[in-house]
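Read the structure below first, then the notes.
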Amino acid sequence: MTVTRFAPSPTGYLHIGGLRTALFSYLWARKNGGKFLLRIEDTDERRNNHEATEAIIEAFKWVGLEHDDEIFFQSERKALYTQYIQQLLDENKAYYCYMSKEELDVLREQQMAAKERTRYDGRYRDFDGETPGDTAPVVRIKAPLSGPIVIRDGIKGEVVFQAEDILDDFIIARADGTPTYNFVVAVDDALMGVNEVIRGDDHLSNAPKQIVVYEALGFEPPRFYHVPMIHNQDGKKLSKRDGATDVMAYKEMGYLPEALLNFLVRLGWSHGDQEIFSFEEMCALFDPKDINKSASVYNTEKLDWLNAHYIKNSSNATLVTLLEPYGITLVSHDKKEILLDALKDRAKTLKEMATMVDEIVSTPKTYDAKAVKKAFKGDAKAILEDFILKLQVRDEMHLPSDYHEAMEELVNEKGIGFGKIGQPLRVALLGKLSGPGLDTGMAVIGKEESIRRISSAVTGIDS
RNA sequence: GGCCCCAUCGUCUAGCGGUUAGGAUCCAUGGUUUUCAUCCAUGUUACCGGAGUUCGAGUCUCCGUGGGGUCACCA
């Protein structure tokens, strides 16, 4: 069975890049009918942050990614780690190192001065002398001193490191007894049966250390997939400094989760020329072998297009619900179908759409100066007054076509173009020159309100 | 700096030894439209450089160049 996992450290909100690797992991597990696990990597107590964990869960919930089993917290599994550390100690595959941080710093400085690679020199590796009593020891693992360490990576192929270039006897337990990252990931992944690890490229250099742990413990390493980074516009690794990388910020900006997911799945992965993927399609089609090898630049142009696409294809009922957080209440609005139909293919985000709804439903508070100047010249006011009369004599005004007929009648009688009435009418009704069809707008607000707005414009606008 | 990874339109990408190098987005133009948007059509723009292998190289190999990642008692 395929078991994948997402293993964030709770240091803040869920990052857009994290979401992508989580999505890839999720999809791959689903595709294979396997499991997708969520594990919070909170071994460092000083950096443990409960709000961050909550934020991650909230974001998962919003996009609809569901993990299997309970959430694992490494902070709750300490006994397990101590047990395995003890095992390595007993088997002489790990040892206590009494070197203090200060001594280590000195060593590092010497190595740097000599232009050597900074590394632990192994002084306590097979130490049998008197141990200094005043320093609490760390536990170091005996790593291979030389020879190749190969990573079988599903994206990069075979990546070979030489132990002598990159390894030393790294710390697996701090002086306070808590285990370190490279040790716990390996232990947890092995124990939880995680056999396919999809994670960021930036972890590639950790892989050799983890393999050392796997081997020392007699576990079989998983298959790795090191996904290329997402870069910012400067070509650097996307970080929290880059703005708008909090997944939940996209909710606030009015993006639909399906748009975000569709956008993210196409960042680094492709399936021929296909651009639109429903959640079901992603689950059915995703395969990490189709992840490309180079980093991609984070640029949200396409996200806007996708979001517009998903808004266009949403039902009006869904839209009513989605617009509520933006202060738009349409449930009981009798013309909501007309309104939403007109607006859904004009908005890039829900937020934009909310503004558009508001611009129609509420009486304009101000009139755009440029629009007034452009539209209110000549006999504009007279035409509007005539149009009021046209509306007044009609009953049963419900559909956009009813209003369209009224407009048509007027332009025909006066022998003018639609623009002659359209422009000033638009300013009168909406306060500006752009927006949905006027017939639609009037149908939504109704005859009385239409007349009211037109009269206010005629009396209130100086031209 | 050591080690590792990467290199096709501005951006996201297809390509898997023989293609007029394809799609999407963006941008521009035209059409539709009472405006704006949608929609439709059209167009501009790409194989980092150099050697090699081959009848033939974006595709394979090597070198160079460029970019990125990583080098903690963080994860």
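Start counting the first sequence at 264; every next residue gets the next number (the working numbering).
Glycine residues also receive a C-beta, built at the ideal position from the N, C-alpha and C atoms.
Two segments are said to touch when three or more pairs of C-beta atoms, one from each, lie closer than 8 angstroms; by this definition the stretch 372-385 does not touch the stretch 447-464. Under the three-state reduction of DSSP output, Ile-319 falls in the helix class.
Setting aside the 5 residues that flank it on each side, Ile-461 is surrounded in the same chain by Thr-267, Thr-284, Phe-287, Ser-288, Trp-291, Tyr-488, Val-490, Pro-551, each with a C-beta closer than 7 angstroms to its C-beta; the list follows chain order.
CA-to-CA, the gap between Lys-598 and Glu-668 works out to about 19 angstroms.
Around the Cβ of Ile-435, a 10 Å sphere holds 16 or more other Cβ atoms; the residue is buried. Where Tyr-344 is concerned, the enclosing alpha helix (DSSP H) starts and stops at 341-353. Taken through DSSP and simplified to helix, strand or coil, Phe-433 comes out as coil.
Of the residues Gly-694, Met-492, Ala-580, Glu-622, the one whose Cα lies closest to the Cα of Lys-636 is Gly-694. Contact between Leu-647 and Pro-687 holds, with the beta-carbon distance rounding to 6 angstroms and staying under 8 angstroms.
With fewer than 16 other Cβ atoms from the protein chains shown falling within 10 Å of its own Cβ, Asn-675 counts as exposed. A contact between stretches requires three or more CB pairs, one per stretch, nearer than 8 angstroms, and the stretch 469-485 fails this requirement with the stretch 297-308. Contact annotation: Leu-692 and Ser-713 have beta-carbon atoms nearer than 8 angstroms. Only exposed fits Met-375, as fewer than 16 other CB atoms lie within 10 angstroms of its CB.
Here Ile-591 is actually not in contact with Ile-651; their C-beta atoms are around 29 angstroms apart, not less than 8 angstroms.
The stretch 391-401 makes no contact with the stretch 340-356, as fewer than three CB pairs between them are under 8 angstroms. Val-528: member of the alpha helix (DSSP H) spanning 520-528, first to last residue. Distance between Tyr-561 and Ala-322, taken at the CA atoms: about 19 angstroms. Here Ala-470 has Ile-414, Phe-487 as same chain residues with Cβ atoms under 7 angstroms from its own Cβ, once five neighbours each way along the sequence are excluded. Residue burial annotation: Lys-611 is buried, with at least 16 other C-beta atoms found within 10 angstroms of its C-beta.
The beta carbon of Arg-657 lies closer than 8 angstroms to those of Asp-665, Ala-669, Lys-710 in the same chain, with the five residues before and after it left out. Residues of the same chain with a CB within less than 6 angstroms of the CB of Asp-509, apart from the 5 flanking positions on each side, are Tyr-276 in chain order. Pairing Phe-335 with Asn-579, the inter-Cα distance amounts to about 39 angstroms.
According to DSSP, residue pairing for Ser-559 in a beta bridge involves Ile-493. In this structure, the CA atom of Lys-653 is about 15 angstroms from the CA atom of Gly-678. Non-local C-beta neighbours of Ala-605 in its own chain, meaning closer than 6 angstroms and more than five positions away in sequence, comprise Pro-699, Thr-703, ordered along the chain. Excluding five sequence positions before and after His-494, the CB atoms of its chain that fall closer than 8 angstroms to its own CB belong to Lys-500, Leu-501, Ala-558, Ser-559, Val-560, Tyr-561, given in chain order. Collapsing the DSSP output to three states places Leu-585 in a helix. Annotation for Ala-426: Ala-406, Pro-407, Leu-408, Ser-409, Gly-410, Pro-411, Ile-412, Pro-471 place their beta carbon closer than 8 angstroms to its own, counting only its chain and skipping 5 residues before and after.
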